[in-house]
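Residue numbers (the numbering used here): 6 to 218.
Just so it is clear, CB atoms sit at the ideal spot from N, CA and C, and this is done for glycine as well.
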């Protein structure tokens, strides 16, 4: 019985392997022919991403206008949650003082993360502080943004090799804007805020959602 099975199975397996090899060779030869027949006129063209495609139809114009209004309102009501951990927090407080007066730009610090859409991480994030930072980020309203302020928040700074320091806040939460310095000046933080506002204005969520269907 075993001899009969082996006499039938072995030739069948060999035939399958030969058939697979033939199909692979045919596919390879077809691909080679297509590559040889390519000319500058029939090369595949690069397709733009959804947000960069030209407008087509009235709904595209409506959604684009809606995105602009929505982004303008978000940019003009910039409510960050304070997360000062070290000397960088002093410069962050300086931004809200009369010299810079961030309130005139619609930037108002909120004590509760549930009322905030931005968090400014200013200072050294330790391993014990990491769960608290993640909890604050998770409680924030969507859409939410993060500004990493100072060398310690960006990558650990002077305490990069310490056993108790997180080497960059981006290991815990996604960061949108990095403000370098030790500590960075108030002007640098203001510039980072302006860059984040510019990023907000470039958002095309509604139009991309419509184009994906």
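- Excluding residues up to 5 positions away in sequence, 84 lie with their Cβ nearer than 7 Å to the Cβ of residue 113 in the same chain.
- For residue 200, the closest of 183, 134 and 93 by C-alpha to C-alpha distance is 183.
- Residues 171 and 177 of the same chain have their beta carbon placed closer than 6 Å to that of residue 135, with the five preceding and five following residues left out of the count.
- Short of 7 Å from the beta carbon of residue 169, and not among the five residues preceding or following it, lie these beta carbons of its own chain, in chain order: 131 and 132.
- If you draw a straight line from the Cα of residue 149 to the Cα of residue 123, it comes to about 6 Å.
- Residue 94 carries a helical assignment under DSSP once its states are collapsed to helix, strand and coil.
- When Cβ pairs closer than 8 Å are counted between the two stretches, the stretch 71-81 is seen not to touch the stretch 97-108, the count staying below three.
- With contacts defined as CB atoms closer than 8 Å, residue 118 and residue 86 qualify as a contacting pair.
- Inter-residue distance for residue 196 and residue 167 is about 30 Å (C-alpha atoms, whole angstroms).
- Between residue 175 and the set 185, 165 and 160, the nearest pair of CA atoms involves 160.
- Residue 155 places its beta carbon 8 Å or farther from that of residue 116.
- By the beta-carbon neighbour count (other beta carbons within 10 angstroms, threshold 16), residue 192 is exposed.
- Across the structure, residue 180 and residue 204 are spaced so that their CA atoms are roughly 13 Å apart.
- Residue environment: residue 206 is assigned as exposed (fewer than 16 neighbouring CB atoms within 10 Å of its CB, all protein chains considered).
- Residue 129 and residue 173 have their C-alpha atoms roughly 9 Å apart.
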